[in-house]
Structure formats: structure tokens, C-alpha cells
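Trainee: Start counting the sequence shown at 112; every next residue gets the next number (the working numbering). Cβ atoms here follow ideal geometry from the backbone N, Cα and C, with glycine treated the same way. What you are looking at is a predicted structure, and each value in this text was computed from that prediction instead of being measured. Below is a structure I'd like to ask you about.
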Amino acid sequence: MDLTNFLKTGTYLKLKVGLSEENIYSCFKKKDLSKKYYYNKLDKNEGFSYFYGDGALEIMVIDSKIYSLQFDPTRYPYILTLFNNIIISHKTSFELIIKYLDIADIKWSFYQRYCHSRELTIKTEENIFIGCVYDKGDYKLSKFQVFEDLYNGFF
Numbered sequence: 112m113d114l115t116n117f118l119k120t121g122t123y124l125k126l127k128v129g130l131s132e133e134n135i136y137s138c139f140k141k142k143d144l145s146k147k148y149y150y151n152k153l154d155k156n157e158g159f160s161y162f163y164g165d166g167a168l169e170i171m172v173i174d175s176k177i178y179s180l181q182f183d184p185t186r187y188p189y190i191l192t193l194f195n196n197i198i199i200s201h202k203t204s205f206e207l208i209i210k211y212l213d214i215a216d217i218k219w220s221f222y223q224r225y226c227h228s229r230e231l232t233i234k235t236e237e238n239i240f241i242g243c244v245y246d247k248g249d250y251k252l253s254k255f256q257v258f259e260d261l262y263n264g265f266f
């Protein structure tokens, strides 16, 4: 799963935040998606998630629209790539990710709203959030995510 285009555009395959749930089925066969994981089993209207690619991609659906696309390098490391050949995982350093963003000419900034405790978050100009957690002397990747941000605007 190459994330280069996702980091540049906020789109993975043809999926992006705000599209209808039906768009998921034009990109993936239902048999390739996990079962629906409802956020509240008693009230299925609250939304659900699908997982794809051994769980590396989570597609959140709320009100029949894609609310979030999230790649998790900690669940299944070594399945994600940049530039089609650079493998990234939860062990990929924060500094290296910043270097790759600069090489790809993707503008970014630290995003204070989601920086707390031992976690840093950067936000790209396409509203992709990259989370890094401080662990044992180094920052490790925790997520690549785009979602409906109520606090729109870069920087």
C-alpha cells in the first residue's frame, strides 16, 4: 500500500473523506473488507469501520459517508510504502518521515491541537495527520490519517 499519493492529495485509490459509503464498494470487493465494526452495537447509526489490508487501512463511516481514512503502521508493519519502494513501519523515525515529506515537496506543520503527552502530530497541507509517539528515546510512527476536521485551515 503506497501512501505517497495519499500524503499529497488526501485520497487513497478513489476514496476520500466526504464521499458516500457506496464509493468504498467501487474500490474494494466486499469480501476483501472486514466485517463492519460498529462503534455502538446498540445504536448502529453511530457509524462503523471497515478494515482492509490486514488491518493497515481503517475506513470510518458515519452517516453513510466516509469520515476518515487511517493507515496504522503499528498493526501490520512493513505493508506500507512511500515512493513505491521505501518500506515504512512504526519503527520508521519521525525525522525520516519529515525528510520524505520534504523530498515529495509536501508542506507540513506541527499541529498543536493533537500534540499532547508523548505524542506529536504534524499536519500536511492536504489535512493529513501524521502521529508520532515518543517511546524509549525515539519517536515512532503511530498513524497516517485524514478525517473531517472541524478546525479547517492549514497552520
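1. Under the DSSP definition of a beta bridge, which residues are partnered with tyrosine 161?
2. Quick check: isoleucine 239 and serine 220, are their CB atoms within less than 8 Å of each other?
3. With a threshold of 16 other CB atoms inside 10 Å of the CB of tyrosine 123, please say whether the residue is buried or exposed.
4. Thinking C-beta only, is serine 179 closer than 8 Å to glutamine 256?
5. Checking the sheet assignment: what are the DSSP bridge partners for glutamine 223?
6. Just the Cα atoms here: how many angstroms apart are glycine 264 and leucine 118?
7. Which of the three DSSP states is assigned to tyrosine 250 in this structure?
8. Would you decide whether isoleucine 182 is buried or exposed? Buried here means 16 or more other CB atoms lie within 10 Å of its CB.
9. Under DSSP, the alpha helix (DSSP H) around glutamate 133 begins and ends at which residues?
10. On the CB-based measure, 16 or more other CB atoms within 10 Å of its CB, does leucine 207 come out buried or exposed?
11. Quick test of your reading: leucine 144 and tyrosine 163, contact by CB under 8 Å. State the CB separation rounded to the nearest angstrom.
12. Hey, out of Pro184, Asn156, Thr235 and Val172, whose CA is closest to aspartate 213's CA?
Mentor: With the given structure in hand:
1. Ile170
2. no
3. buried
4. yes
5. Listed as beta-bridge partners of glutamine 223 by DSSP are no residues whatsoever.
6. With a pLDDT of only 48 at glycine 264, under 50, the local geometry of the prediction cannot be trusted, and no value is derived from it.
7. Strand at tyrosine 250.
8. It should be pointed out that residue 182 corresponds to phenylalanine in this sequence rather than to isoleucine. Answer is buried; the Cβ neighbour count reaches 16.
9. 133-138
10. exposed
11. The beta carbons of leucine 144 and tyrosine 163 sit about 6 Å from each other, so the pair counts as a contact at 8 Å.
12. Thr235
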